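This report concerns only the one structure given below.
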Amino acid sequence: MPRKRNQGSKWITKTKRWAIYFRDNCSCVYCGRSLKDGAILTLDHIVPCEALDVPDNKHTNLVTACLSCNSSKNDKSLNDYFDYLRAVGVPEEKIGKITFKINCARAGNDTNVNKRQRNTLYLNGHYKKAKLFLQNQK
Ligand SMILES: [Zn+2]
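FYI, the numbering for the sequence shown is 0 to 137, going by numbering that gives the first Met the number 0.
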């Protein structure tokens, strides 16, 4: 599987990972498939690690992506990935919806909340959910 260069698996805590999954409703921001649909969830860097000297691992640069979408996005920039999606026939309306979700995440909000100002409180609520969820996994 193509993976983020130089990052290994310890670049993010389990709690932060799950908080972001919960922020995104445990659904891939690209295709919409969720944990319930059997999607394997991963985190996608909106601006890929390869594009930066130091990877941006902040929640404002991370979105939930299923393994399949994350693999096809790989190290593409968002624009290149959108071009790829268009080339494989994804309608413009769907790309618009993805753009909306990405913009919400970039603003620090839930991926269904359209507010311009950064509001990390949303993510904080999801940390609590993530901690509970991980406790119940043990
Ligand atoms: Zn997907």
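Every residue, glycine too, gets a C-beta built ideally from N, C-alpha and C. If you're wondering where the values come from, they're calculated on a predicted model, not measured in any experiment.
**OP:** Mind listing, in chain order, the continuous alpha helix (DSSP H) runs of no fewer than 4 residues lying wholly within the stretch 26 to 97?
**Re:** Listed in chain order, the complete alpha helix (DSSP H) runs (minimum 4 residues) inside the stretch 26 to 97 are 66 to 72, 77 to 86.
Original post:
Nearest-angstrom Cα distance between residue 97 and residue 37?
Top reply: 20 Å
Original post:
Could you give the distance in angstroms between the alpha-carbon of residue 93 and the alpha-carbon of residue 78?
Top reply: Computed Cα separation, rounded: 14 Å.
Original post:
What three-state label does DSSP hand residue 17 in the structure shown?
Top reply: Under the three-state reduction of DSSP output, residue 17 falls in the helix class.
Original post:
For ligand 1, any of its heavy atoms closer than 7 Å to the Cβ of residue 16?
Top reply: No, ligand 1 has no heavy atom inside 7 Å of this Cβ.
**OP:** Check whether the Cβ of residue 27 lies closer than 7 Å to any heavy atom of ligand 1, and answer yes or no.
**Re:** yes
Subject >> residue 76 Cβ short of 7 Å to ligand 1 heavy atom set >> reply: In this structure, residue 76 has its CB at a distance of at least 7 Å from all heavy atoms of ligand 1.
Original post:
What do you reckon, are the CB atoms on residue 47 and residue 74 nearer than 8 Å?
Top reply: yes
Subject >> Counted within 10 angstroms of its Cβ, other Cβ atoms place residue 104 as buried (16 or more) or exposed >> reply: Here residue 104 is buried. Its C-beta has 16 or more other C-beta atoms within 10 Å.
Original post:
By the 10 Å Cβ neighbour count, where 16 or more other Cβ atoms means buried, how is residue 52 classified, buried or exposed?
Top reply: Exposed, because fewer than 16 other Cβ atoms sit within 10 Å of the Cβ of residue 52.
Original post:
Which term fits residue 66, buried or exposed, when burial requires 16 or more other beta carbons within 10 angstroms of its beta carbon?
Top reply: exposed
Original post:
Is the distance from the Cβ of residue 60 to the Cβ of residue 45 below 8 Å?
Top reply: Yes, they are a contact pair.
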